[in-house]
Structures are given as structure tokens and as C-alpha cells.
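Notes to accompany the following structure.
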Amino acid sequence: MSNPLARSIARISIPGRGYCSGALITPDTVLTCAHFFRRADVRKVRVRIGDTTFAPVSAAPLPGTDVALVRLPERVDAEPLPVGPAPRTGRPTLTVGFGGRAASPEGRPGRYLGRLPFSASRTFATRVRPAGLIYNNPPAVKGDSGGPVFAGGEIFAVQSLILDPRGRNLRVATVSLLPASYR
């Protein structure tokens, strides 16, 4: 993982409850998944970027999506990552996150398979709209949720769900496409 990119990837955690990934998109805002914050007390959330850990000011899910914006109490000395539109079908992608208990962010190359109007987790607790499908090799795994998905050097989605029937990861992931108003 390139050093400048890695310095802008966040590990978001709640003690005793797990973690997800995210990306710095403004000097004080992290883009991530909304499902991590379901029934979460934001006062217990910690955001680590590089060697610095922050207690966020707020975590705001974007209505109708699996996207959340986490506001930090101060500006981070790292380069915010650019956002942009979804690529054409078949284009290369890169999903970045701390999945699989990684100590540093890892990249998972893939291909954009296309757009879906809606996708949901097995329990329907997580709803993704609009959704995109990515084929990753190596596959996205738990902990990559919220991590940025890049095409052409710009974030166009966050990792949301993995397709793992009966515990077998099929290397197909659902991503939450960024609404046009946030690009």
C-alpha cells in the first residue's frame, strides 16, 4: 500500500464491538459505512488515522444509504482523498481497508461488475442503495466495511457487504455508491 494513500485510511473502532475502515475526504471528515454505527454510542467510537487516535464529534449516516460521514474534532495532517463517479462496467477497482485484522491498510484489486438499485444483508438490517457489485481478488473480508473503493484514483463507493453463503467468500462484494450530491 502506497504511503500517502495509507496515511489517509482510517480504522474506526468501538471497544468490545469490532471495527471497520474509512477514508479521509476532507481535513476533518472520514467517509465510511453507516451499518457500523447502528445502535452505537458515538462517544465510545475511536478513529485512528496514522499514529493518531480521535474521539469523533459526530457520525452521520446519509439517509437511505450505507454511507456515513464521521466528523473529527480537529484537522488531520494527511491528504484528503478525492471522490468521483462510478466507473464503467468492467473497469479496474481497488478496495482498501483493515479487513482480516490487518495492522495496516491493505488493497484488494477488483473489477466493477455494475450497478444495482438495491441490495441488502441476509437479515435486511443493512440496506444498500444505490449499490454496486465488485469482484475482488483477493476478496474483501470483514473489517473492510466502510473502506474506500477507488476507480481511476477517486473514491466512488464504500465497501458494504460480502457475498459469503455458508461461510464461503465468493469474492463478490456489494459497495454503497456515493450519492451524486457527495461527489
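If you're matching positions, the sequence shown starts at 17 in our numbering and goes up one per residue. We treat Cβ as the ideally placed atom computed from N, Cα and C, and that holds for glycine.
### Query
Helix, strand or coil: how does DSSP classify residue 181 here?
Reduced to three states, the DSSP call for residue 181 is helix.
### Task
Taking 8 Å as the threshold, find out whether the stretch 72 to 89 comes into contact with the stretch 122 to 132 through three or more Cβ pairs.
With a cut-off of 8 Å on Cβ pairs, the stretch 72 to 89 is not in contact with the stretch 122 to 132, counting fewer than three such pairs.
### Query
Taking 8 Å as the CB-CB limit, is residue 83 close to chain C?
Protein chain content of the structure displayed is limited to a single chain, and chain C is not contained in it.
### Task
Pull up the distance between the alpha-carbon of residue 148 and that of residue 157, whole angstroms please.
Cα-Cα distance, rounded: 16 Å.
### Under the three-state DSSP convention, the category residue 86 falls into
Three-state DSSP puts residue 86 in a strand.
#### Entry: Separation of residue 70 from residue 61, as counted between CA atoms
If you take the alpha carbons of residue 61 and residue 70, they lie about 9 Å apart.
### Message
By the three-class DSSP mapping on this structure, what secondary structure does residue 52 have?
### Response
In the three-state scheme derived from DSSP, where H, G and I count as helix and E and B as strand, residue 52 is classed as helix.
### Task
Entirely within the stretch 109 to 175 and at least 3 residues each: give me those beta strand (DSSP E) ranges in chain order.
Given a length threshold of 3 residues, each whole run of the beta strand (DSSP E) inside the stretch 109 to 175 is given here in chain order: 122 to 132, 147 to 152 and 164 to 167.
### Message
Contact between the stretch 83 to 102 and the stretch 41 to 54 is defined here as three or more beta-carbon pairs at a separation below 8 Å; is this criterion met?
### Response
Contact holds: three or more Cβ-Cβ distances are below 8 Å.
#### Entry: Supposed close pair residue 105, residue 130 - CB separation, criterion 8 Å
About 5 Å separates the CB atoms of residue 105 and residue 130; that is less than 8 Å, so the two are in contact.
### Query
Nearest to residue 20 by alpha carbon, out of 121, 150 and 32?
If we check each option's Cα against that of residue 20, 121 comes out closest.
### Query
Would residue 153 be called buried (16 or more neighbouring beta carbons within 10 Å of its own) or exposed?
Exposed, because fewer than 16 other Cβ atoms sit within 10 Å of the Cβ of residue 153.
### Query
Any idea if residue 197 is buried or exposed, counting beta-carbon neighbours within 10 angstroms, 16 or more meaning buried?
Classification of residue 197: exposed, given that the 10 Å Cβ count is below 16.
### Message
Along the chain, where does the alpha helix (DSSP H) containing residue 22 start, and where does it finish?
### Response
Its alpha helix (DSSP H) spans residues 19 to 22.
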